[in-house]
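Same order as they appear, the protein sequences are chains G and D. Residue numbers 1 to 301, in my numbering, belong to the letters of the first sequence in order. Residue numbers 302 to 602, in my numbering, belong to the letters of the second sequence in order. Virtual Cβ for every residue (Gly too), placed ideally from N, Cα, C. All values reported here derive from a predicted model rather than from experimental measurement. Below: the structure, in structure tokens.
There are 2 protein chains.
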Amino acid sequence: MAVKIGWIGLGEMGLGMAVNLQKYLASQSSHLTVWNRSPGKTDMIQKQGAHVASSIEDVVSRSNVIFTSLSNDAAVESVYSQLFALASQTQKPLIFVETSTIHPTQATKNAQLFDSCPQHRYLQCPVFGRPTAAHAAQLVWIASGNADAIETLKPYFGAMSKSIVDLKTTDVSRASSFKLIGNFFVVGMLELMAEGLSLAEKADVDQQAVLQLIETFFPTPAWIGYSRKMAENSTTKAGGFAVDLGLKDVGHMKQLAADHGAVLPTAEVAYKHLKVLQDQGKGDQDWSSLINVLRDATPPQ
Amino acid sequence: MAVKIGWIGLGEMGLGMAVNLQKYLASQSSHLTVWNRSPGKTDMIQKQGAHVASSIEDVVSRSNVIFTSLSNDAAVESVYSQLFALASQTQKPLIFVETSTIHPTQATKNAQLFDSCPQHRYLQCPVFGRPTAAHAAQLVWIASGNADAIETLKPYFGAMSKSIVDLKTTDVSRASSFKLIGNFFVVGMLELMAEGLSLAEKADVDQQAVLQLIETFFPTPAWIGYSRKMAENSTTKAGGFAVDLGLKDVGHMKQLAADHGAVLPTAEVAYKHLKVLQDQGKGDQDWSSLINVLRDATPPQ
């Protein structure tokens, strides 16, 4: 089949990914068809050659592969109920590639929507990386779902990411669980760093020496980048990952653990700290600002 | 002065360090004078040319620089009360280099012992690295105390380590606080890994994919080494770090936080899990075995 690609959702992650995909398609004399709930986000990618659809229906009629990048499970559920209503009326085979970080149960529900339409495919493909990595095509792409569909789309996934982890499973919930476990390592690392760096401040231990220690023992972009942000108090939003989104993810991790009879105490601790920030009206700050909660915390008497 | 070096304490860390120092001294036509509470440990280093002292008194009479590597604060307190009693009877200037992981208050107490003997110097120089790193001279050496004494000894420190972090402070408690904060990052990482990997097992997420994720995002020896140990269930003691020692360290971290009005919830969680292992009679296992506590844990009803 000639692959004609639609894209729904141009948030910070979606826009970065879609721009890279549009560049790749342009090199093949093709183009994306994009749609976003709030229309202002489409200008930049339109200049790069993407076609702006008038509606979700317009995306479906112009595409046979449709990527979605949405902010939370409710948005995913709403968009997929529309997509299913449209898809169930056409014999044209469609592949849906859902890239958002959602609870595994939602991924399964999406896939089951299409059980009655065996001509269609649903892939769950969450991505690892911050918006800066999305813009730089440096994401790690996680693929789950129908093997043939994944194989067909690998060149397109590759245009948006530095590597592809193919989980080789049709159980799309696994990719969502995997993404939550990966994000758990990241948020746990933030919590750890915030506790250690704020203790260093209070115990009058040289902050630069602690940063040097981190560079020596954990010389990875995440450790070095976040510890510098925290020590320098530059936990603004630019290129970052908001507390509100972090809370959504950590909530899903806690739920995943509960679903499987596991315990995840570090996620509980990080959730509590991120919630303090949200309650203070700081839900749009980068989630590394959780160090400020530790700075303000005092031990129970 | 001609530097004549004594070494007290030949545990897993001490032996590795002392052997490297002995090799260096041999290249200078010199040798270590060693002493260990249990005598069996001295055979190997004696074959490499070290002199085995008959007593702590013998070490002091033959040396003007004395390194100590001991298992806990009680051992440090006991050895230093003997060392001080001997040192206070000699005008020969002595430099003591204490390398153990102890509470900052104990480091300060040791240093204060020598206040009445200004001819002597006390340095607190904890080291980062596992016993394998000690044997390979790949430790990270942390130096605090008198600047001239540190400068004099840097070649000897260098013979045992890959890098030296000079905290440039005479407040020897800072080096101990710094070491505890560094160890906090390590134990927190273990806790995090154990929670995430055991959740992956329970949620039926492909373990190899999770290990691959860790290699992609946290490509450091500690993350990769410990996650493989945990996944492969090879948390034996060889070359490792025992639960008992981990509990001592984490207890100190908790105390350090309490001393300074800081909170360290991740240390509290890790402490609880390591304590379960100790209570099960597994205090001599490598501390990465804390994943087994998470595997067995069930959420509160």
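Rounded to the nearest whole angstrom, the C-alpha separation of L94/G and Q112/G is 15 Å. Within the region 106 to 159 of chain G, the runs of alpha helix (DSSP H) that reach at least 4 residues and sit entirely inside it are, in chain order, 131 to 135 and 147 to 158.
Between T521/D and T220/G, the C-beta gap is smaller than 8 Å, which places the two residues in contact.
Cβ atoms of V428/D and S462/D come within 8 Å of each other, at about 7 Å. Interface residue (Cβ-Cβ distance to chain G less than 8 Å): S464/D is classified as such.
In its chain, beyond the 5 residues on either side, no residue has a beta carbon closer than 7 Å to the beta carbon of R37/G.
Taking a Cβ-Cβ cut-off of 9 Å, the neighbours of A258/G in chain D comprise P600, given in sequence order.
Check the Cα spacing between V60/G and each of D43/G, G145/G, T33/G and S78/G: the tightest is with T33/G. Contact between S417/D and S389/D holds: CB atoms are separated by about 7 Å, below the 8 Å threshold. Closer than 8 Å to the CB of K202/G there is at least one CB belonging to chain D. Of all alpha-carbon atoms in K202/G, R130/G and N233/G, the one lying nearest the alpha-carbon of N183/G is that of R130/G. Distances from the CA of Q329/D to each of I443/D, L578/D, P419/D and P456/D were compared; the closest alpha carbon is that of P456/D. At a Cβ-Cβ threshold of 8 Å, A559/D and V473/D do not count as neighbours. Using a Cβ distance threshold of 8 Å, A194/G and L274/G do not count as a contacting pair. Taking a contact to require three or more Cβ pairs closer than 8 Å, the region 133 to 149 of chain G and the region 474 to 481 of chain D do not qualify as touching.
In this structure, V293/G and L277/G form a Cβ contact; the two beta carbons are roughly 6 Å apart against a cut-off of 8 Å.
For the pair A75/G and D249/G, the Cα-to-Cα distance works out to about 14 Å. When Cβ-Cβ separations below 8 Å define contact, M44/G makes no contact with chain D.
Spanning the alpha carbons of N447/D and S370/D requires a straight line of approximately 19 Å. Counting along the chain, the unbroken alpha helix (DSSP H) around E268/G starts and ends at P265 to D279. For D166/G, no alpha helix (DSSP H) segment is defined; the enclosing uninterrupted segment is the beta strand (DSSP E) at S161 to D166. The criterion of a C-beta distance shorter than 8 Å is satisfied by G350/D and Q323/D. DSSP assignment within the region 487 to 559 of chain D yields no whole beta strand (DSSP E) run of 3 residues or more. Taking T216/G as reference, the option from K348/D, L514/D, N321/D and A523/D with the minimal CA-CA separation is A523/D. Taking the Cβ atoms as the reference, V187/G lies roughly 6 Å from G246/G, within the contact range of under 8 Å.
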